[in-house]
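Participant:
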Ligand SMILES: *Cc1c(COP(=O)(O)O)cnc(C)c1O
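Numbering (my numbering), first residue to last: 515 to 880.
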């Protein structure tokens, strides 16, 4: 069975070596030595020393929004993982859905300004599939209207734009180190941020709001990364450049085989971006290609290949929101979500499998 992704792991020996001290220290969580080392190395790797670790990407985002003390409306997109929208709603904020760009699948900045009201407090764009948002235009709009900018960079680990770590753009960015992501700590996440004053607030909020042993200065949560996850992070960070290189080779092979095929739209190659090859989505236009997204999905499944309809449905269409958002107001996002399929991609996916998947897809055409 070929899954859409497969976590990168260090050798068992390397991991055992990394965790062996924990049997002596018996310090398993609460910002121990592995947590401290990993947080520091991660900041260096991301090119942003202001980086705080979390138990996962979602809690990083949820507590970041709390730390920024936002109230009112947040402009975001529905073409994302549940986490982005849920973090907004769980903070008592109102998501206002902006449409996406049809090429990069990220927020369309030309549609942001008409959604701004006197209640708007922030913009929360997503670097979808590692495609970098139009950070310059978003920055211009945010400055003009005095809005905060928080990026969901869960897909953009290790990427740079114009030579700077992607976490340097906007007021803050969150990363996810879930097992299914390019870089994993089993589960984990982080916030990179500009204002150094946020550091204490984020660190307090992830530990119930405790500031020291007796003072509780915020209604925080428990969102600390434990030592075993931090140790996994230390190991995986040693190999991340090679993992990204290997993913790139697979991504290139897909591209060679599938580009120029009528009815198949591929992910763009962006200028000034060092890509992490986090996903390989295709957008299938049935009338031109000769088969639908669902037909390809089912046919691959019959060959034990698990592609994913990622992102489908739009978050604004989730049952839990009881149709309170009009999905027709984001027609591009709706169009793409009905046609997208992300193909298996990971560092040790055999190139012959990539060829087989491409052969199967191309054989679907009627
Ligand atoms: C994975 C993901 C998250 C959440 O990260 P977790 O570490 O799984 O909590 C948030 N946003 C996007 C776009 C993601 O893909």
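A virtual CB, placed ideally from N, CA and C, is assigned to each residue, including glycine.
1) Comparing the CB of residue 781 with every heavy atom of ligand 1, is any distance shorter than 7 Å?
2) Given a threshold of 16 other Cβ atoms within 10 Å of its Cβ, counted over all protein chains shown, does residue 701 qualify as buried or as exposed?
3) Taking the alpha carbon of residue 860 as the point to measure from, which residue in 761, 817, 872 and 873 has its own alpha carbon closest?
4) How close, in whole Å, do the beta carbons of residue 805 and residue 878 come, if the pair is a contact with beta carbons under 8 Å?
5) Pick from 830, 592 and 790: whose alpha carbon is nearest that of residue 755?
6) Contact between the segment 615-635 and the segment 582-594: three or more CB pairs below 8 Å?
7) Could you tell me whether the segment 723-730 touches the segment 557-570, where touching means 3 or more Cβ pairs closer than 8 Å?
8) Would you mind giving the Cβ-Cβ distance between residue 575 and residue 666, rounded to the nearest angstrom? I have them listed as a contact below 8 Å.
9) Is residue 740 near ligand 2, with its Cβ less than 7 Å from a heavy atom?
10) To the nearest angstrom, how far is it from the Cα of residue 711 to the Cα of residue 562?
11) Who are the near neighbours of residue 778 in its chain, counting only those whose CB is closer than 7 Å to its CB and skipping five residues on each side?
12) Considering only residues of the same chain and omitting the five flanking positions on each side of residue 839, which have a CB-CB separation below 8 Å?
13) By the DSSP assignment, the beta strand (DSSP E) with residue 778 in it spans what residues?
14) Starting from the Cα of residue 628, find the closest Cα among 600, 735, 847 and 659 and give me that residue.
15) Would you mind working out which of 707, 558 and 869 sits nearest residue 764, comparing C-alpha positions?
16) Considering only heavy atoms of ligand 1, does any lie closer than 7 Å to the CB of residue 576?
17) Restricting to Cα atoms, I'd like to know which of 679, 817 and 809 is closest to residue 855.
18) Does any heavy atom of ligand 1 sit closer than 7 Å to the C-beta of residue 668?
19) Should residue 620 and residue 640 be called a contact, given that it needs their Cβ atoms to be closer than 8 Å?
20) Sort 649, 739 and 606 by Cα distance to residue 543 and report the nearest one.
21) Could you check which residue in 655, 776, 594 and 757 has the C-alpha nearest to that of residue 825?
22) Helix, strand or coil for residue 757? Go by DSSP, reduced to three states.
23) So, helix, strand or coil for residue 835, using DSSP?
Facilitator: In brief:
1) no
2) Residue 701 comes out buried.
3) 761
4) 4 Å
5) Of 830, 592 and 790, the residue nearest in Cα terms is 790.
6) yes
7) no
8) 7 Å
9) Within the structure as shown, ligand 2 is missing, the only ligands being ligand 1.
10) 15 Å
11) 772, 796, 798 and 803
12) 592, 609, 611, 830 and 831.
13) 778-780
14) 659
15) 869
16) For ligand 1, not one heavy atom lies less than 7 Å from the Cβ of residue 576.
17) 809
18) yes
19) Contact annotation: residue 620 and residue 640 have beta-carbon atoms nearer than 8 Å.
20) 739
21) Out of 655, 776, 594 and 757, 594 has the C-alpha closest to the C-alpha of residue 825.
22) helix
23) helix
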